[in-house]
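Below: one structure, written as structure tokens.
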Amino acid sequence: MKKLLLSLGLLLSPLTSTACSLPLDWQDHYRNDLILEVLRDYRVNGQIENIGHVSIAELEVTPFNTFRSKIPCFDSIKLKGRVSMTIKRKLSHSVQKRNELGRDLSDGKITEGEYEAKLQETEVCDVNAEVDALKAPKKAGDFAYRYDSKIGLEINCRANP
Numbered sequence: 002m003k004k005l006l007l008s009l010g011l012l013l014s015p016l017t018s019t020a021c022s023l024p025l026d027w028q029d030h031y032r033n034d035l036i037l038e039v040l041r042d043y044r045v046n047g048q049i050e051n052i053g054h055v056s057i058a059e060l061e062v063t064p065f066n067t068f069r070s071k072i073p074c075f076d077s078i079k080l081k082g083r084v085s086m087t088i089k090r091k092l093s094h095s096v097q098k099r100n101e102l103g104r105d106l107s108d109g110k111i112t113e114g115e116y117e118a119k120l121q122e123t124e125v126c127d128v129n130a131e132v133d134a135l136k137a138p139k140k141a142g143d144f145a146y147r148y149d150s151k152i153g154l155e156i157n158c159r160a161n162p
């Protein structure tokens, strides 16, 4: 019976992911991680109302060990890739737009009500990011929950018609 279970386990092993391998849907999983890292960036997030087109290019996923272990599993992951997306967000998120509107308010070009209304208007932004992210534990035996990311970012926004 033991041999049968062992044989069955070995037969099924290519069909399932183990704790020591990348998940079966690893490309989707790490694509989503890459997108989330861009969305978490303070320059992008804020009052996003909608995320439009999203594309990923040059996705690289590298699992490795930061700390030696008796268990032959990786404890760290490195992600690299380019993310392009379109987002819609409120103008109140843009420091530059808030400052421009504040100057218009102080110069008497707009009223307080117009200032508040304009801050609620939306803009559409094209976001292009190059992400280099690392998720690694700080000490042996720990589990890393978040990525430490370096993000090169280009955001081009325009008023939402």
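Using our numbering, the letters of the sequence shown map in sequence onto residues 2 to 162.
For glycine and all other residues, C-beta sits at the position ideal for the given N, C-alpha and C.
Asked                                                                                                                                                                                    : Found
Considering only residues of the segment 102-138, which uninterrupted beta strand (DSSP E) runs meet the minimum length of 3 residues and lie entirely inside it, listed in chain order? : 123-136
In the DSSP assignment, the beta strand (DSSP E) including L80 goes from what residue to what residue?                                                                                   : 77-91
Would you say the beta carbon of D26 comes nearer than 8 Å to a heavy atom of the ligand MG?                                                                                             : As for the ligand MG, it is missing from this structure, which has no ligand bound.
Do L35 and V132 have their C-beta atoms closer together than 9 Å?                                                                                                                        : yes
Is it buried or exposed for T63, if we count other Cβ within 10 angstroms and need 16 for buried?                                                                                        : exposed
Looking at the unbroken alpha helix (DSSP H) that takes in H54, where does it start and where does it end?                                                                               : No alpha helix (DSSP H) contains H54, which is instead part of the beta strand (DSSP E) from 49-65.
For G153, list the residues DSSP reports as bridge partners.                                                                                                                             : E131
Could you check the C-alpha separation between L154 and V125 for me, to the nearest Å?                                                                                                   : 16 Å
Please classify G53 as buried or exposed, where buried requires at least 16 other C-beta atoms within 10 Å of its C-beta.                                                                : exposed
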